Structure formats: C-alpha cells, structure tokens
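Let me begin by presenting the structure, written as structure tokens, before commenting on it.
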Amino acid sequence: MKRIVGLFVGGCLILSSVSAQNEKMTQDKLGDVNLSVQLPKPFVFSINQDKVYADEFERQFLKNINLKEDPISAKDIRSYLDLYIKFKLKVQDAKDAGLDTATAYVQELQMYRDQLARNYLYDRAVTESLIKEAYDRLKYEVRVSHILVLVSPDASEADKKKALDKIEEMHQKLMRNPTAENFGDMARNESEDAGTKSSGGDLGYMTALQVVYEFENQAYNTAVGGISPVFKTEFGYHILLVTDKRANRGDIKVNHILVRVLNKDENSDTEARKKIDEIAANMVAGKETFENMAKTYSEDYNSRYNGGAMDYINTAQFVGDIDRQNWADQAFTLKKDGDITAPFRTNYGWHLLQRVNVRPLKSFDDKEMHSMLKMEVQKNQRSQTSVDSLVGKIKNENGFTMNQKAVSALLGYLDSNFMKGKFDELSIPEMHVVVSGPAKKPVKTEYNLRKMEVFHLADQSYSVGDLCTQLTYNSKAIQGSKKEGLDRLINAWIDKTCVEYQDEHLEEKSVEFRDIYQEYKEGILMFNRMQQLVWDKANNDSAGLATFFAAHQGEYNWGDRFDVEVFFCNDAKMMKTVGKEVKKGISIDSIRREHTKRNVLDYAYKAGKYEMGDTFLFVPSRVLNMLFDDAKSAKPKYRKPGIYSIGPVGDDFVVVKVKAFLPAGPKTLDETRGPVASKYQEQLEREWIEALRLKYPVTVNESVIQSIEAKLVNQK
4 MKRIVGLFVG
14 GCLILSSVSA
24 QNEKMTQDKL
34 GDVNLSVQLP
44 KPFVFSINQD
54 KVYADEFERQ
64 FLKNINLKED
74 PISAKDIRSY
84 LDLYIKFKLK
94 VQDAKDAGLD
104 TATAYVQELQ
114 MYRDQLARNY
124 LYDRAVTESL
134 IKEAYDRLKY
144 EVRVSHILVL
154 VSPDASEADK
164 KKALDKIEEM
174 HQKLMRNPTA
184 ENFGDMARNE
194 SEDAGTKSSG
204 GDLGYMTALQ
214 VVYEFENQAY
224 NTAVGGISPV
234 FKTEFGYHIL
244 LVTDKRANRG
254 DIKVNHILVR
264 VLNKDENSDT
274 EARKKIDEIA
284 ANMVAGKETF
294 ENMAKTYSED
304 YNSRYNGGAM
314 DYINTAQFVG
324 DIDRQNWADQ
334 AFTLKKDGDI
344 TAPFRTNYGW
354 HLLQRVNVRP
364 LKSFDDKEMH
374 SMLKMEVQKN
384 QRSQTSVDSL
394 VGKIKNENGF
404 TMNQKAVSAL
414 LGYLDSNFMK
424 GKFDELSIPE
434 MHVVVSGPAK
444 KPVKTEYNLR
454 KMEVFHLADQ
464 SYSVGDLCTQ
474 LTYNSKAIQG
484 SKKEGLDRLI
494 NAWIDKTCVE
504 YQDEHLEEKS
514 VEFRDIYQEY
524 KEGILMFNRM
534 QQLVWDKANN
544 DSAGLATFFA
554 AHQGEYNWGD
564 RFDVEVFFCN
574 DAKMMKTVGK
584 EVKKGISIDS
594 IRREHTKRNV
604 LDYAYKAGKY
614 EMGDTFLFVP
624 SRVLNMLFDD
634 AKSAKPKYRK
644 PGIYSIGPVG
654 DDFVVVKVKA
664 FLPAGPKTLD
674 ETRGPVASKY
684 QEQLEREWIE
694 ALRLKYPVTV
704 NESVIQSIEA
714 KLVNQK
C-alpha cells in the first residue's frame with residue numbers, strides 16, 4: 004500500500020511515493036520538520052491587490068446556474084467569470100467613491116447584520132435535533148388529562164414549596180391507585196385549572212408545538228395509561244395522564260352547515276334537529292347542493308356566505324376544547340371527498356360536514372415544512388435549549404471562569420432596594436474588608452470591591468463594577484431569596500455576554516455567515532453605485548437621453564395604427580342606438596351611464612392608438628384584426644375617418660369610431676421614453692465598465708479557471 008506525500012518546496016509541489024514499511028524511517032529522517040505548510044489559496048482573478056478565490060467563485064457560480072437544465076459547459080463558466088469580474092469592478096468603484104462609509108449604507112448594513120445574526124446565535128446542531136424531535140412528535144396526537152396547582156414563576160420560595168408539597172401529596176395518592184377514574188376524580192376535586200376541572204382534567208388530543216415545551220415533553224414521554232411525575236411549567240406544577248395516542252391524520256378541508264340550538268331547551272333542540280334532517284334529506288335526494296343549503300340555511304356566519312367552505316382544520320388545533328375536537332373527529336370519519344356526515348349534535352347545535360380534501364402531514368424533507376418547524380422551534384421554549392448549548396460551548400472554548408468570592412462579597416452589601424428592583428449603585432462601597440485569623444489577633448485585608456473579577460471570558464475580565472451597572476437595569480422586584488435573585492441576574496448577564504461575544508466573532512466562526520454577509524454588503528454597494536451612475540442618470544439626464552435617442556431614432560418606429568374609439572354593446576339594438584349617439588356627439592360618460600343602468604356588463608368602451616400587435620388589449624381581439632385586414636384590401640373602408648357599426652364580434656356587438664389611420668412612421672421620444680431610457684441605461688453601464696477596466700487592472704489566473712472547468716464541466 005502506498006501513500007502520496009506532498010512537500011511544498013520552493014513554490015513547487017513535489018510528489019513522492021513512500022511505501023508503508025518505509026514511512027516510519029521517513030518520519031525519523033524528517034525529525035521536527037513542519038509538514039503543515041499551507042499551500043497558497045488559489046485565486047481566480049484579482050482587481051488591484053484584491054483577490055477572488057476559487058471557493059467564492061465556485062459557490063457563486065453554482066448558486067446562479069440551474070443544474071436541472073443542461074450540463075455545465077466551459078462557456079457557462081467563462082460567461083459567469085465575465086459577469087463576476089464586472090460585478091467586482093462595480094463594487095471596487097463604489098468603495099473608492101466612499102459609498103461604504105455613507106451613513107444610510109452603514110445603518111442598512113447593521114440592520115441586515117442584526118437580522119442575519121439571529122440565525123447563528125444558537126447551537127445549530129441542537130436546533131436541528133429539536134426540529135427533528137418536533138417533527139417526529141407531529142406524526143402523532145396524544146390525548147392527555149392534567150392536574151394543576153397554580154404558582155407564579157416569581158413566587159417566593161415558601162409559596163413554591165407549599166404548592167410543590169400539595170401536588171406531590173396528590174401524586175403519591177394517585178400512584179397507590181393509578182387509574183383513569185381516580186385521576187379524573189382528583190382533577191375535579193383538586194385541580195386549579197378552571198377550564199378542565201369539570202371534565203376531570205381532560206384536554207383532548209394535542210400534538211407538538213401547541214403547548215409549553217415542558218408539558219409537551221411529559222405528554223410524549225409518558226406511556227399510554229401512565230401518569231407522569233410532578234413537573235413544573237410557567238403556570239405551576241402539573242401531573243399528567245396519557246389516555247390515548249394515535250397517528251396524525253393530517254389536515255382536512257370541509258364545508259359546514261350549522262343549525263343553532265338556543266339556550267339548549269328541548270323545543271329548540273327538536274326544531275333544530277327537524278331542520279337539519281330536512282336539509283340533509285334534500286341533499287341525499289339530489290334536490291340541492293351542499294353549497295346552496297349552506298348559503299340559505301347555515302347559521303355559521305363565518306362560512307355561510309362561502310357556501311359553508313372553511314379553511315383546513317385538524318383535531319389537535321382545538322386542544323382543551325373537547326366539544327370542537329369531537330366536531331372535527333366527525334369530519335375524519337368521512338371516507339372520500341364529497342361525502343357528507345349524518346346530522347350530529349354539539350354544544351353549538353346540529354351540524355352537517357362535507358369532506359372537500361385531506362392534506363396529509365408533509366415529509367420532513369419538504370422545504371416548507373422544515374422552514375415552519377425551524378421558525379416554531381426558535382420562537383418557543385425549545386430555543387433556550389439551543390441558546391444554553393451555545394453558551395456552554397462559548398464558555399468551554401474561551402476559558403470561562405467564575406469568581407464566587409466576588410459574588411459573595413457583593414451579596415453582603417445588597418439591601419431592600421435591590422429586592423424591590425431599585426438597586427442603587429452608590430450603595431456599594433469602593434473597598435471591601437475581609438477579617439481572618441484568630442479572634443484575638445484578627446487580620447484585616449482590604450480589597451477594591453468594584454475591581455474584583457466576577458467572571459472571565461476570552462481575554463476580557465468582567466468586574467463587580469460591571470455587575471453593578473447591570474443590576475441598575477433591573478426594575479422588577481426580586482422573588483425568592485436575595486442570593487437566588489442575584490444568581491438569576493448574574494446568569495442572565497453571563498448568557499447575554501456569551502451571545503454578544505459570539506455575535507462579535509461571527510465572521511471568523513461561521514464561514515456561511517461570512518459569505519452571506521459579504522454578498523449582501525457588496526450587492527448593496529453595487530446597487531447604490533448603479534443607482535448613481537446608471538439608473539438615476541438615465542432618468543434625469545434629459546439632454547443625454549435626447550442625444551442617445553437622436554443617434555438611434557431609426558430603431559424606434561410605429562407600425563400602421565388605427566386611432567379609434569371602440570364601443571362594445573350587449574345586443575344589436577344597443578349597437579344601433581350607440582352608433583346614433585356617437586354620431587350626435589353625445590359624451591362618452593353620458594353613453595356609459597345610459598347603457599349600464601340595467602347591468603354594468605352590458606356596455607364597455609376602449610380608446611387609443613393601436614397597432615396590429617396590440618390585439619391582446621381587446622376582448623375579443625378580432626376587432627383590430629378586422630380593421631387591419633380591411634386596411635389591406637383594394638378598397639379599404641375603415642381607413643377613412645367615420646363611425647361604423649361592425650356587428651357581432653364574439654359575444655358583443657361593436658361600434659367603431661375611426662378617428663384616423665396612421666401609417667407607419669418614426670416615434671417621438673415621449674412616445675417611447677421607457678424603452679429608450681432602458682437602452683440608454685445599457686449604454687451608460689457599458690461605458691462605465693469600459694472605464695473601470697482601464698482604471699483597475701484585472702488579472703485572471705488561467706490555470707485556476709481551467710481546474711474549475713475540469714471539476715465542474717458536464718456536471719448536472
């Protein structure tokens with residue numbers, strides 16, 4: 004077996020074959036010679052001293068080519084090389100013009116960087132695992148009941164202990180007889196969740212990303228029929244019972260008819276049932292459609308006027324509302340699109356549902372699904388898991404140390420104002436005295452308290468003085484003990500500092516972030532310079548535009564045109580009337596008002612100068628075809644000014660007022676300003692690029708281009 008060993012010597016790469024049995028001897032001879040000499044990074048081209056390296060060029064090229072079409076050719080690479088050189092020339096010119104220091108640019112760039120950085124200020128591997136966890140849970144729906152003992156997140160330690168003792172006692176009783184009946188009875192008697200207390204704590208079915216993360220974890224980690232341990236959320240302490248688990252059935256789209264039951268009295272229920280039965284019978288007999296019945300009789304006013312049509316729903320979206328979950332379950336009993344349920348009752352009244360479509364859960368690899376999961380994970384409690392992981396990594400990588408002595412020293416000086424959220428920095432003395440040794444001969448040591456280090460990260464020390472500044476920002480009363488409050492504030496400060504450190508070093512820590520940020524920086528610079536020298540100039544330089552138009556006037560010509568007014572009428576009678584009205588010189592507005600009294604669609608009007616190619620402006624387009632076909636005849640009629648009743652054209656009866664036939668001829672600048680300005684911009688850009696090539700020397704590294712071609716050509 005042979006290995007290839009490369010030594011970069013004198014600018015040349017020397018390859019030598021060394022057999023496995025000689026490898027140790029070779030290493031012995033080399034001794035301490037450093038073989039990790041880095042080869043120079045291959046560059047594709049340079050502008051002045053700035054180089055564009057192969058990795059950047061390849062990345063941008065592959066991003067801007069459609070690999071689904073034809074295989075990559077050498078021509079594709081050379082064309083993109085020319086485009087990328089032009090792009091970099093424009094960027095260099097923008098920098099030399101000082102646009103990279105303009106206030107508006109700096110502010111816009113900072114806003115973009117802040118927004119982009121949010122996607123990198125967490126542990127991406129942890130986030131990806133949380134996304135996968137969320138998707139795996141989304142594949143199932145679990146039915147849960149719970150018992151809650153309320154306690155505020157900021158409650159005192161005594162109140163927290165009292166609540167915890169209460170629910171742990173309940174949990175012990177449940178575990179002695181862990182049945183659903185026993186759980187339901189205890190929920191009805193002891194739970195402090197008013198919304199589910201009467202139903203024995205039943206929340207119905209739920210899935211991932213619907214409830215707080217701690218609750219979701221217990222719901223998915225507890226077996227069906229099992230009771231969870233006591234756990235805490237922001238609402239208090241819980242015990243959870245899982246009663247069922249089933250596959251996610253996806254989302255269903257339905258049409259809905261509701262007949263309400265008023266006050267739940269017997270007569271109203273009987274009348275509503277009779278009405279819903281009659282509606283159902285009409286549809287079963289084929290006498291009426293679901294849409295018509297919904298528009299006529301449904302009392303669901305959110306869907307009635309759409310023929311009962313509703314957005315996609317699923318059972319789990321109604322977590323906590325058992326009645327609406329039962330309503331959604333009826334929809335999922337339907338086997339195929341178009342099927343209609345039998346009438347069924349909820350607390351709202353009597354219902355009929357018609358299945359329109361079922362949309363299964365998308366695959367994990369679906370881009371839209373992955374994007375949605377990422378967004379949800381980042382905005383709920385899961386995100387803290389990812390941030391905590393990032394903070395841990397930053398601490399490990401950057402020599403984080405904590406000085407508890409400094410914290411303890413500060414703690415002794417905190418007073419009631421700190422507990423009230425009114426910390427006064429001036430209440431902390433400059434010097435701190437520590438007494439040690441025997442009582443008879445104590446030793447007093449003075450420390451500058453404010454300069455004592457609280458923690459160290461990377462090459463930065465954070466002092467008690469810095470901590471005092473942080474404490475002044477807190478305006479909330481401290482819950483729990485003084486030490487617990489101080490620890491919480493210090494930990495939040497440390498987390499914030501670690502994330503800020505990561506943010507400051509993102510360009511060196513994340514190649515992806517650096518590349519995206521660079522693209523945006525350069526793209527905005529190029530855009531701003533183009534705005535100055537091309538787009539604004541083409542729009543504002545009237546003299547230059549006129550000169551350009553004069554030099555290229557032969558390229559801008561009208562074809563034959565008709566200057567016409569066209570009247571589209573509902574029938575032959577209206578056509579005759581409109582023709583007479585036009586001949587009399589009655590105004591267009593008067594004609595329109597008169598003939599749209601019965602129906603606004605009975606009459607339409609168009610006017611302008613039209614070429615043969617403008618037929619897309621007409622419905623039907625045959626009107627212009629007829630005019631131009633006649634114009635080519637031996638004795639053209641419509642070329643003469645006049646008012647003509649053409650007769651039926653498609654569904655309309657048409658009157659045409661020919662104001663003039665305009666033979667082909669040159670356009671004026673005002674008649675073609677848009678296309679001329681566009682061409683003028685192209686000329687300005689070409690002239691600008693030519694000037695930049697003279698101003699900035701460009702060196703292309705042909706050997707690197709050829710190696711990229713060898714690597715990429717014929718890829719698809």
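Numbering (our numbering), first residue to last: 4 to 719. Glycine is no exception: its CB is placed at the ideal position from the N, C-alpha and C atoms. These numbers were taken from a predicted model, which means no experiment stands behind them.
Worksheet item: Looking at the structure shown, is C258 part of a helix, part of a strand, or coil, going by DSSP?
Response: A small correction: the amino acid at residue 258 is Asn; Cys does not occupy that position in the sequence shown. Here N258 sits in strand by DSSP.
Discussion item. Let's test the definition: count the other Cβ atoms within 10 Å of the Cβ of Y138 and tell me whether it reaches 16, buried, or not, exposed.
Written reply: Y138 should be labelled buried.
Worksheet item: Would the segment 112 to 119 and the segment 161 to 169 be scored as touching if the rule is three or more Cβ pairs under 8 Å?
Response: no
Item to complete: Note down the Cα distance separating E131 from L119, rounded to an integer number of angstroms.
Response: 18 Å
Discussion item. Could you check whether the segment 393 to 407 touches the segment 121 to 128, counting it as contact only if at least three pairs of C-beta atoms, one from each stretch, sit closer than 8 Å?
Written reply: yes
Worksheet entry | Inter-residue spacing [alpha-carbon to alpha-carbon] between G228 and T388 | 29 Å
Item to complete: Determine the burial state of I708: buried for a count of at least 16 other Cβ atoms within 10 Å of its Cβ, exposed for fewer.
Response: buried
Worksheet item: Among G645, V145, F570 and L356, which has the Cα closest to the Cα of D247?
Response: The alpha carbon of D247 has as its nearest neighbour, out of G645, V145, F570 and L356, the alpha carbon of V145.
Worksheet item: Under the DSSP definition of a beta bridge, which residues are partnered with Q357?
Response: Q357 pairs with N258 and I343.
Practice prompt. Taking only runs that begin and end inside the segment 345 to 415, name each unbroken alpha helix (DSSP H) of 4 or more residues, in chain order.
Written response: 370 to 382, 385 to 400 and 407 to 414
Item to complete: Taking only the alpha-carbon atoms, compute the straight-line gap between L18 and S366 and give it to the nearest angstrom.
Response: Note that L18 scores a pLDDT of 29, beneath 50, so its modelled location is shaky and nothing firm can be said.
Practice prompt. Drop a sphere of 10 angstroms on the beta-carbon of F582, count the other beta-carbons inside from all chains shown, and report buried for 16 or more, exposed for fewer.
Written response: For clarity, residue 582 is Gly in the given sequence; the question names Phe instead. With 16 or more Cβ atoms within 10 Å of its Cβ, G582 is classed as buried.
Discussion item. With three or more C-beta pairs closer than 8 Å as the rule, is the segment 522 to 542 touching the segment 475 to 495?
Written reply: no
Worksheet item: R297 and G289: beta carbons closer than 7 Å?
Response: Residue identity check: residue 297 is Ala in the sequence provided, not Arg. Taking 7 Å as the Cβ cut-off, A297 and G289 do not qualify as a contacting pair.
Item to complete: With distances taken Cα to Cα, identify the nearest neighbour of F321 among A331, L548, E525 and A284.
Response: A331
Fill in: Rounded distance between the beta-carbons of E614 and D673, thought under 8 Å
Not really, about 17 Å apart at Cβ, beyond 8 Å.
Item to complete: Could you have a look at V215 and say whether DSSP puts it in helix, strand or coil?
Response: V215 falls in the coil class under three-state DSSP.
Discussion item. Considering only the alpha carbon of each residue, which of Y523, Y608, G668 and V657 lies closest to D117?
Written reply: Y523
Item to complete: Classify R385 as buried or exposed, calling it buried when 16 or more other Cβ atoms lie within 10 Å of its own Cβ.
Response: buried
Discussion item. Quick check: what's the CA-CA separation for A575 versus E291?
Written reply: 37 Å
Fill in: Alpha-carbon to alpha-carbon, G483 and R327
The alpha-carbon atoms of R327 and G483 are separated by roughly 41 Å.
Worksheet entry | Alpha carbon of N406 to alpha carbon of H459, nearest angstrom | 9 Å
Practice prompt. State the start and end residues of the unbroken beta strand (DSSP E) segment that holds R564.
Written response: R564 to C572
Worksheet item: Does the beta-carbon of Q505 have 16 or more other beta-carbons within 10 angstroms, so that it is buried, or is it exposed?
Response: buried
Worksheet item: Where does S306 land, buried or exposed, given buried means 16+ other C-beta within 10 angstroms?
Response: buried
Fill in: DSSP state of N180 mapped onto helix, strand, coil
The answer is coil: DSSP assigns N180 none of H, G, I, E or B.
Fill in: For M455, three-class secondary structure by DSSP
coil
Fill in: For P666, the three-state DSSP class (helix, strand or coil)
coil
Fill in: Own chain partners of D418 with C-beta closer than 7 Å, once the 5 adjacent residues on each side are dropped
Cβ neighbours of D418 beyond the five flanking positions: S430.
Practice prompt. Check whether the Cβ atoms of H174 and V262 lie closer than 7 Å to each other.
Written response: no
Item to complete: To the nearest angstrom, report how far apart E568 and S681 are at their CA atoms.
Response: 31 Å
Worksheet item: Which residues mark the beginning and the end of the alpha helix (DSSP H) in which F46 is found?
Response: Segment F46 to I50 is the beta strand (DSSP E) holding F46; no alpha helix (DSSP H) there.
Practice prompt. Counting only the same chain and skipping the five closest in sequence on each side, list residues whose C-beta sits under 7 Å from that of A409.
Written response: M455, E456, V457 and V467
Worksheet entry | Proximity of T236 and V215 at Cβ, strictly below 7 Å | yes
Practice prompt. Please go through the same chain and pick out, in chain order, the residues whose beta-carbon is closer than 7 Å to the beta-carbon of N295, but skip the five residues on each side of it.
Written response: none
Worksheet item: Going straight from the alpha carbon of A57 to that of N401, what length do you get?
Response: 32 Å
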